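Visitor: Have a look at this one.
2 protein chains.
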Amino acid sequence: MNRPDIESGPDAGLDLVDALALLSFLVHDTLAELAGRHELSIVQTRLLGILRDREPTMNELGRLLGLDKSSISGLVDRAERRGLVTRTASAQDRRAVHVATTAAGRRLAAEVETAFSARIGELTAGLAPSDQARLIAYATAMIARSRSDQGDHPNLEPRLRAKT
Amino acid sequence: MNRPDIESGPDAGLDLVDALALLSFLVHDTLAELAGRHELSIVQTRLLGILRDREPTMNELGRLLGLDKSSISGLVDRAERRGLVTRTASAQDRRAVHVATTAAGRRLAAEVETAFSARIGELTAGLAPSDQARLIAYATAMIARSRSDQGDHPNLEPRLRAKT
DNA sequence: CTAAATTGGTACGTGCCACGAACCAATTCA
DNA sequence: TGAATTGGTTCGTGGCACGTACCAATTTAG
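Here it is as structure tokens:
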């Protein structure tokens, strides 16, 4: 609502909701595009990112990505088939399976992340450092708010990667 | 890169790339969740949003959504099967097909959009009006930059809706 | 200590989404 | 008029996500 009637250009007079939706799609599509150049989907990229510094079980992976365990099975299947990750039996629990990246997986993930950082850098190049800082603050505030609101949101991974 | 070593909380010390990625996922997931409550996917929601004030052909729809024509066929098929849109023959070009929403489609889209606006409102409630204005400005700047950069990006639809 | 729950994973089957290729019908161009 | 071009549909393929059913290992309870 409150859609201003005066609209000269395509992005003129965007309200907060529109602006955030557009920005979100832009970033999302950018990542999809960059990952796609390496035949990776966004989920696959996030998977590899998470595995950068961990070897979680399928179960933990599910929580980390906010996906059902059956989804994880397929996801890891496809990644394993491509030689990007490996399954290893757990020593503690003989039911459990740990997932780890291969060198190839790490390399791919790193390439995507580098390209993504570069692209985001281009998109924000017009903002002064102080404005970039403010943008970070706003985003952080919104993320924090979403966490406290319900808490049941899937774990979001900074830069598609780790999280304490 | 430049990942700060000092990290106390989950979102502490996010850099610009991480912050934007997280924010993007947050908004995206929020929309997916809200749309999902009405059995709608994000694409379906965008489709209905676009049709709010237009009756484009399949072809135009493809450009608007940045999808292949074959993808549009299936998309419209499923929506039509659910009674959310209708196909009508074009008067000018007997090959072409125009797509329009039904009342049910409009109602659904409106509900999702209302819920989405409300949720974004909650997430940004902590920001002062001046900060919200700045956030809009930053987002708008990034979007503008992405357009000028290559120009071949798929058409982004403000609030999943119209666009001049 | 064994029987009953619970937990960790996998294997379907289903459906959406996206693509490319093949194809048909209508339109436009030469 | 004949040859491209354009608008759409129909496959076939593959990723993604879910729920259900199922199996094996582990934990809990009696």
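Those sequence lines, one after another, are chains F and R.
Residue 1 is where the first sequence starts when you use my numbering, and the numbers rise one by one after that.
Residue 1001 is where the second sequence starts when you use my numbering, and the numbers rise one by one after that.
From the three backbone atoms N, C-alpha and C, an ideal C-beta is built for every residue, glycine too.
Computed from a predicted structure; not experimentally measured.
#1: Can you name, in chain order, every residue of its own chain whose Cβ lies under 6 Å from the Cβ of A32/F, other than the five neighbours on each side?
#2: CA-CA distance, K163/F and T101/F?
#3: What do you get for D1018/R, buried or exposed, if any count of 16 or more other CB atoms within 10 angstroms of its CB means buried?
#4: May I have the straight-line CA-CA distance separating S148/F from V1097/R, to the nearest angstrom?
#5: Going by DSSP in three states, T1102/R sits in which element: helix, strand or coil?
#6: Along the chain, which unbroken stretches of the beta strand (DSSP E) at least 3 residues long are found entirely within the segment 87 to 141 of chain F?
#7: How would you call E1113/R, buried or exposed, if buried means at least 16 neighbouring beta carbons within 10 angstroms?
#8: Among G1049/R, R1052/R, S1070/R, which one has its Cα closest to the Cα of M1058/R?
#9: Mind reading off the beta-carbon distance from I165/F to L1065/R? Whole number of angstroms is fine, and I expect it under 8 Å.
#10: Please confirm whether G1062/R and V1085/R have their CB atoms less than 8 Å apart.
#11: For L1108/R, which residues from the same chain have a beta carbon less than 8 Å from its beta carbon, with the 5 sequence-adjacent residues on both sides left out?
#12: Let me check understanding here. Comparing Cα to Cα, which of S24/F, M142/F, L34/F lies closest to F116/F?
#13: Candidates D29/F, E122/F, L135/F, P56/F: which alpha carbon is nearest A1139/R's?
#14: Does the beta-carbon of A110/F have 16 or more other beta-carbons within 10 angstroms, so that it is buried, or is it exposed?
#15: Which residue marks the beginning of the alpha helix (DSSP H) containing S41/F, and which one marks its end?
#16: Which residues does DSSP list as the beta-bridge partners of V85/F?
#17: On the premise that L1014/R lies in contact with R145/F, defined as a C-beta separation below 8 Å, what is that separation, rounded to the nearest angstrom?
#18: Suppose the cutoff is 8 Å on Cβ atoms and the five residues either side in sequence are ignored; what does the same chain contact list for E165/F look like?
#19: Is there a Cβ from chain F that is less than 8 Å from the Cβ of S1070/R?
#20: Mind checking which residues open and close the alpha helix (DSSP H) that includes L64/F?
#21: Please state whether DSSP places R1054/R in a helix, a strand or coil.
#22: Suppose the cutoff is 8 Å on Cβ atoms and the five residues either side in sequence are ignored; what does the same chain contact list for Q44/F look like?
#23: For A1125/R, which option in F25/F, R94/F, I143/F has the closest C-alpha, if you only look at C-alpha atoms?
#24: Quick one: what's got a C-beta closer than 7 Å to S90/F's C-beta in the same chain, skipping five residues either side?
#25: Could you give the DSSP three-state label for G49/F: helix, strand or coil?
#26: Quick check on DSSP: helix, strand or coil for L34/F?
#27: Below 8 Å CB to CB, which residues in the same chain sit around L1127/R once its five sequence neighbours on both sides are set aside?
#28: When the cut-off is 8 Å and only beta carbons count, does V43/F lie next to chain R?
#29: Going along the chain, which residues of the segment 1046 to 1080 of chain R sit with their C-beta nearer than 7 Å to a C-beta in chain F?
Guide: For this structure:
#1: Taking the first residue of the first sequence as 1, we reach residue 32/F at position 32. Within the same chain, A32/F has close Cβ partners I42.
#2: Position 163 of the first sequence, counting from 1, holds the residue named residue 163/F. Position 101 of the first sequence, counting from 1, holds the residue named residue 101/F. The predicted position of K163/F is uncertain, since its pLDDT is 30 and thus under 50; a value taken from the coordinates is nonetheless stated next. Cα to Cα, K163/F sits roughly 17 Å from T101/F.
#3: The residue given as residue 1018/R occupies position 18 in the second sequence. When all chains shown are included, D1018/R counts as buried.
#4: Working through the first sequence from its first residue, we reach residue 148/F at position 148. Working through the second sequence from its first residue, we reach residue 1097/R at position 97. Looking at the two C-alpha atoms, the distance is approximately 47 Å.
#5: Within the second sequence, the letter at position 102 stands for residue 1102/R. The answer is coil: DSSP assigns T1102/R none of H, G, I, E or B.
#6: 97 to 101
#7: To locate residue 1113/R, count along the second sequence from 1; it is residue 113. Answer is buried; the Cβ neighbour count reaches 16.
#8: Here residue 1058/R is taken as the residue at index 58 of the second sequence, counted from 1. It is S1070/R.
#9: There is simply no residue 165/F to check, as chain F begins at 1 and stops at 164 in what is shown.
#10: Taking the first residue of the second sequence as position 1, residue 1062/R is located at position 62. Taking the first residue of the second sequence as position 1, residue 1085/R is located at position 85. Result no, Cβ atoms of G1062/R and V1085/R do not sit closer than 8 Å.
#11: Translated into the one-based positions of the second sequence, residue 1108/R becomes position 108. If we look at L1108/R and ignore the five residues flanking it on each side, its Cβ neighbours are H1038, L1040, L1048, L1084.
#12: Here the question's residue 116/F lines up with position 116 in the first sequence. Closest by alpha carbon: L34/F.
#13: The count along the second sequence starts at 1 and reaches residue 1139/R at position 139. Ranking D29/F, E122/F, L135/F, P56/F by Cα distance to A1139/R puts L135/F first.
#14: Taking the first residue of the first sequence as position 1, residue 110/F is located at position 110. A110/F is exposed by the Cβ-count criterion.
#15: Counting from 1 along the first sequence, the entry for residue 41/F is found at position 41. Where S41/F is concerned, there is no enclosing alpha helix (DSSP H), given that its DSSP letter is neither H nor E.
#16: Here residue 85/F corresponds to residue number 85 of the first sequence, with the count starting at 1. BP columns for V85/F point to T101/F.
#17: Residue numbering aside, residue 145/F sits at position 145 when the first sequence is read from its first letter. Residue numbering aside, residue 1014/R sits at position 14 when the second sequence is read from its first letter. Not confirmed; about 14 Å, so no contact.
#18: In the structure as shown, chain F starts at 1 and stops at 164, and residue 165/F therefore has no counterpart that could be examined.
#19: Here residue 1070/R corresponds to residue number 70 of the second sequence, with the count starting at 1. Closer than 8 Å: no.
#20: Here residue 64/F refers to the residue found at position 64 when the first sequence is read from its first residue. First-last of the alpha helix (DSSP H) with L64/F: 58 to 65.
#21: Sequence index remark: in the second sequence, residue 1054/R carries index 54 (1-based). Residue state, collapsed to three classes: coil.
#22: Counted from its first residue, the first sequence places residue 44/F at position 44. For Q44/F, where only same-chain residues beyond five positions count, the Cβ hits under 8 Å are A35, L75, R78, A79, L84.
#23: One-based indexing of the second sequence puts residue 1125/R at position 125. Ranking F25/F, R94/F, I143/F by Cα distance to A1125/R puts I143/F first.
#24: In the first sequence, the residue the question calls residue 90/F occupies position 90. Excluding positions up to five away in sequence, the list reads T57, A96, V97, H98.
#25: On the first sequence, position 49 is the one that residue 49/F refers to. If DSSP states are grouped into helix, strand and coil, G49/F belongs with the helices.
#26: Residue 34/F sits at position 34 when you count from the first residue of the first sequence. If DSSP states are grouped into helix, strand and coil, L34/F belongs with the helices.
#27: Taking the second sequence and counting its residues from 1, one reaches residue 1127/R at position 127. Excluding positions up to five away in sequence, the list reads L1135.
#28: The residue labelled residue 43/F in the question sits at position 43 within the first sequence. So no, V43/F is outside the interface.
#29: none
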